[in-house]
């Protein structure tokens, strides 16, 4: 199928991300429906006019009419849903997701797809420090990255439709990575940074420091407000890549610490010059 | 002396911070002069109209007419200047600084003051990732913290004048800490965060990751563009406090790493809940 404004889209899981998808797609005129275990989420989405129909049940009719099904569930919930209900999905339906880890999941999900149904993985690199459909906002996709994560079994058509979805959602940059490349990258730029922010915040009871913190401390700890259930699941599902990144960071940080302990001014300056040079690349984009 | 718009202010060291001070004070109508070793900095400041007079020499007349002298030099340069020229400062002059470390410096600087001259230390917690008077901007003080750092020998009048200076400069919060309290705090909220940002940036040649980084990586590494000469000096001058903070962070980060390695989901979640609770204090301010 070629994704366009006439496609019928079913979103399974109507939280912050599912809701933001619905809001973005509704603006284009897509026929959007939703399945959520929370009646209040369905009610909100119907009242806001961002879905035309919704159910708290695994509604066979909603599944059957969908051209595209987007899963906005936590990773283990997603996998459980697929194992239990994937047989209900009709041939020629395209299935995608928003999961933040890939290697441990994508090929298994693909293996449960009925004949004629294709699952193409994707990772929208956007979010907020709050959850729930009531906090959903399609503007979080502006300026953000959308990554299509195909395996060797995906068709060019599915990859193309998934890229088009990213464009409809309003992402700025859309790229393609293998599941393994994706997980190594995400271990570094996203999961490691969350580990650092959490550790910095748990270092001490810094209540009394609120009056003295400049921008740097606030910037480094913004993401320390974190959904503990979701992120511990993401960390565990990307364990080996994340451990590699954490160990590399430990090595670098310990090396800087030892230079300070040994009064190695030149060593510290060399590290600072390297970090300055590398960081400048990011400001050129 | 009571600081007001009729006071004559001499700024020694006309870089990013000295220039930003001059811009902020000039708006109030202060008579601002400057000493800088760069003729181009003096020329820029005269052309911009943010000083009325300036010299690349240690100008006796400029020093003699000043009611307030503000040192905007690097820590070791500052200390060297004081040792060499402090005798030129006239009685009843108030002297202050912008240095980012205090314990190792403040009492020594005070010991060199001639009779009748008072040095009151201060730390403006503001800056930019660029240097030089041409990049100076008084708006960097908006919303920022100004810390007055008196010792037991300072007078209430000098502390009050220094607080007034912070207000004239446009700082949002002005507080008072001892040199030791200041250094412990700054080791945590500023120096440790810079160590983390530098280490994260030196972890790997992340040139190819520019397309995939979300806000979190950019936020955590913004301060990785760093003045290597200044910051290595600041680190070394606050070595013991900074090492304590680095070791505490290493302990927390390693503990999170070990929880991941041991599949300790509940332990990770507890850390994330603690960090979320603590970070929320910062968003209430």
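Protein chains in written order, with the numbering used here: chain A, 3 to 287; chain B, 3 to 287. Built from N, CA and C at the ideal position, the CB exists for glycine as well. Remember, predicted model here, so these are calculated numbers, not experimental data.
message = Excluding the 5 residues flanking residue 182 of chain B on each side, which residues of the same chain have their C-beta closer than 7 Å to its C-beta?
response = Here residue 182 of chain B corresponds to residue number 180 of the second chain, with the count starting at 1. Same-chain partners within the cutoff: 105.
query = With DSSP run on the structure shown, which of helix, strand or coil describes residue 181 of chain A?
reply = Start at 1 with the first residue of the first chain, and residue 181 of chain A comes out as number 179. Looking at residue 181 of chain A - three-state DSSP - the assignment turns out to be helix.
ask   = Counting only beta-carbon atoms, is residue 216 of chain A nearer than 7 Å to chain B?
value = Translated into the one-based positions of the first chain, residue 216 of chain A becomes position 214. Residue-level contact by beta carbon holds for residue 216 of chain A and chain B, with a gap shorter than 7 Å.
request  = May I have the straight-line CA-CA distance separating residue 218 of chain A from residue 167 of chain A, to the nearest angstrom?
outcome  = Counting from one through the first chain, the residue named residue 218 of chain A turns up at place 216. Counting from one through the first chain, the residue named residue 167 of chain A turns up at place 165. Near 36 Å, if we compare the C-alpha coordinates of residue 167 of chain A and residue 218 of chain A.
query = Can you tell which of A:186, A:122, A:58 and A:215 has the C-alpha that lies nearest to the C-alpha of residue 236 of chain A?
reply = Walking along the first chain from the start, residue 236 of chain A turns up at place 234. Ranking the options by Cα distance to residue 236 of chain A, first place goes to A:186.
task = Could you check which residue in A:121, A:191, A:134 and A:199 has the C-alpha nearest to that of residue 162 of chain A?
result = Start at 1 with the first residue of the first chain, and residue 162 of chain A comes out as number 160. Ranking the options by Cα distance to residue 162 of chain A, first place goes to A:121.
message = Along the chain, where does the beta strand (DSSP E) containing residue 195 of chain A start, and where does it finish?
response = Taking the first chain and counting its residues from 1, one reaches residue 195 of chain A at position 193. Not the beta strand (DSSP E): residue 195 of chain A falls in the alpha helix (DSSP H), residues 195-204.
task = Using a threshold of 7 Å, state whether the C-beta atoms of residue 36 of chain B and residue 47 of chain B are closer than that.
result = Position 34 of the second chain, counted from the first residue, corresponds to residue 36 of chain B. Position 45 of the second chain, counted from the first residue, corresponds to residue 47 of chain B. For residue 36 of chain B and residue 47 of chain B, yes; Cβs fall inside 7 Å.
task = Report the three-state DSSP secondary structure of residue 214 of chain A (helix, strand or coil).
result = Within the first chain, residue 214 of chain A is the residue found at index 212, counting from 1. Assignment of residue 214 of chain A by DSSP, reduced to helix, strand and coil, places it in the coil class.
request  = Use the C-beta contact count for residue 7 of chain A: other C-beta atoms within 10 angstroms, 16 or more gives buried, fewer gives exposed.
outcome  = If you number the first chain from 1, residue 7 of chain A lands on position 5. So residue 7 of chain A ends up on the exposed side.
query = Just checking my contact of residue 91 of chain B with residue 116 of chain B at CB under 8 Å: how many whole Å lie between their CB atoms?
reply = Numbered from its first residue, the second chain carries residue 91 of chain B at position 89. Numbered from its first residue, the second chain carries residue 116 of chain B at position 114. At roughly 6 Å, the Cβ-Cβ gap stays under 8 Å, so residue 91 of chain B and residue 116 of chain B are in contact.
Buried versus exposed, by CB contacts within 10 Å (16 or more), residue 99 of chain A = One-based indexing of the first chain puts residue 99 of chain A at position 97. Result: buried.
message = Cutting at 7 Å between CB atoms, please list the residues of its own chain near residue 251 of chain B, excluding the five before and the five after it.
response = Numbered from 1 along the second chain, position 249 holds the residue referred to as residue 251 of chain B. Same-chain partners within the cutoff: 194.
inquiry  = Taking DSSP's pairing of strands, which residues face residue 33 of chain A in a bridge?
reply    = Residue mapping note: residue 33 of chain A aligns to position 31 of the first chain, counting from 1. Answer is A:10.
key: Buried versus exposed call for residue 340 of chain B [16 or more other C-beta atoms within 10 Å across all chains shown]   = Since the first and last residues shown for chain B are 3 and 287, residue 340 of chain B lies out of range.
inquiry  = Using 8 Å for Cβ pairs, my map puts residue 277 of chain B next to residue 226 of chain A. What's the rounded Cβ distance?
reply    = Here residue 277 of chain B corresponds to residue number 275 of the second chain, with the count starting at 1. Here residue 226 of chain A corresponds to residue number 224 of the first chain, with the count starting at 1. The Cβ separation is near 4 Å, so the contact holds.
query = Would residue 127 of chain A count as contacting chain B if we go by Cβ distances under 7 Å?
reply = The residue you call residue 127 of chain A lines up with position 125 of the first chain. Output row for residue 127 of chain A: interface = yes.
query = In angstroms, rounded to a whole number, what distance separates the CA positions of residue 66 of chain B and residue 230 of chain B?
reply = Here the question's residue 66 of chain B lines up with position 64 in the second chain. Here the question's residue 230 of chain B lines up with position 228 in the second chain. A straight-line Cα-Cα distance of about 34 Å links residue 66 of chain B and residue 230 of chain B.
Beta carbon of residue 133 of chain A nearer than 7 Å to that of residue 18 of chain A = As a first step, residue 133 of chain A is located in the first chain; it is residue number 131 there, counting from the start. As a first step, residue 18 of chain A is located in the first chain; it is residue number 16 there, counting from the start. Their beta carbons are under 7 Å apart, which means residue 133 of chain A touches residue 18 of chain A by this criterion.
query = Taking C-beta to C-beta, are residue 281 of chain A and residue 203 of chain B nearer than 7 Å?
reply = As a first step, residue 281 of chain A is located in the first chain; it is residue number 279 there, counting from the start. As a first step, residue 203 of chain B is located in the second chain; it is residue number 201 there, counting from the start. It is a contact, given that the beta carbons lie within the stated cut-off.
message = List, from N- to C-terminal side, the alpha helix (DSSP H) runs of 4 residues or more that fit wholly inside the segment 103-187 of chain B.
response = Runs found: 108-113 and 158-171.
ask   = What is the C-beta distance between residue 171 of chain B and residue 149 of chain B, in whole angstroms, given that I count them as a contact (C-beta under 8 Å)?
value = Taking the first residue of the second chain as position 1, residue 171 of chain B is located at position 169. Taking the first residue of the second chain as position 1, residue 149 of chain B is located at position 147. In fact, because the Cβ distance is near 12 Å, the residues do not count as touching under 8 Å.
inquiry  = Quick check on DSSP: helix, strand or coil for residue 57 of chain A?
reply    = As a working mapping, residue 57 of chain A is identified with position 55 in the first chain. DSSP places residue 57 of chain A in strand when its eight states are reduced to three.
Span of the beta strand (DSSP E) around residue 231 of chain B = Along the second chain, read from residue 1 onward, the residue named residue 231 of chain B stands at position 229. That residue, residue 231 of chain B, is in no beta strand (DSSP E); its alpha helix (DSSP H) goes 230-239.
message = Less than 7 Å between C-beta atoms, sequence neighbours within five positions excluded: which residues of the same chain meet that for residue 84 of chain A?
response = Residue numbering aside, residue 84 of chain A sits at position 82 when the first chain is read from its first letter. 111 and 114.
ask   = Near residue 62 of chain B, what residues of its chain come up, given a Cβ to Cβ distance below 7 Å and the 5 sequence neighbours on each side ignored?
value = Counted from its first residue, the second chain places residue 62 of chain B at position 60. Hits under 7 Å: 90.
query = Between residue 159 of chain A and residue 108 of chain A, what straight-line distance do the alpha-carbon atoms span, to the nearest angstrom?
reply = Taking the first residue of the first chain as 1, we reach residue 159 of chain A at position 157. Taking the first residue of the first chain as 1, we reach residue 108 of chain A at position 106. Going from the Cα of residue 159 of chain A to the Cα of residue 108 of chain A covers about 18 Å.
task = Name, in chain order, the residues that DSSP records as bridge partners for residue 98 of chain A.
result = On the first chain, residue 98 of chain A is found 96 positions in, with the first residue counted as 1. Residue 98 of chain A is bridged to A:72.
request  = For residue 195 of chain B, decide whether its Cβ has a neighbour in chain A, counting only Cβ atoms nearer than 7 Å.
outcome  = By 1-based counting over the second chain, the position of residue 195 of chain B is 193. Interface with chain A (7 Å Cβ-Cβ cutoff): residue 195 of chain B is included.
message = If contacts are defined as beta-carbon pairs under 8 Å, then residue 151 of chain A and residue 75 of chain A qualify, I think. What distance do you get, rounded to the angstrom?
response = In the first chain, the residue the question calls residue 151 of chain A occupies position 149. In the first chain, the residue the question calls residue 75 of chain A occupies position 73. Not really, about 17 Å apart at Cβ, beyond 8 Å.
CB contact below 7 Å: residue 130 of chain B versus chain A = As a working mapping, residue 130 of chain B is identified with position 128 in the second chain. So no, residue 130 of chain B is outside the interface.
ask   = How would you list, in chain order, the residues of chain A whose beta-carbon sits under 9 Å from the beta-carbon of residue 62 of chain B?
value = Within the second chain, residue 62 of chain B is the residue found at index 60, counting from 1. By Cβ distance, chain A contributes nothing, its closest Cβ being about 34 Å from residue 62 of chain B, past 9 Å.
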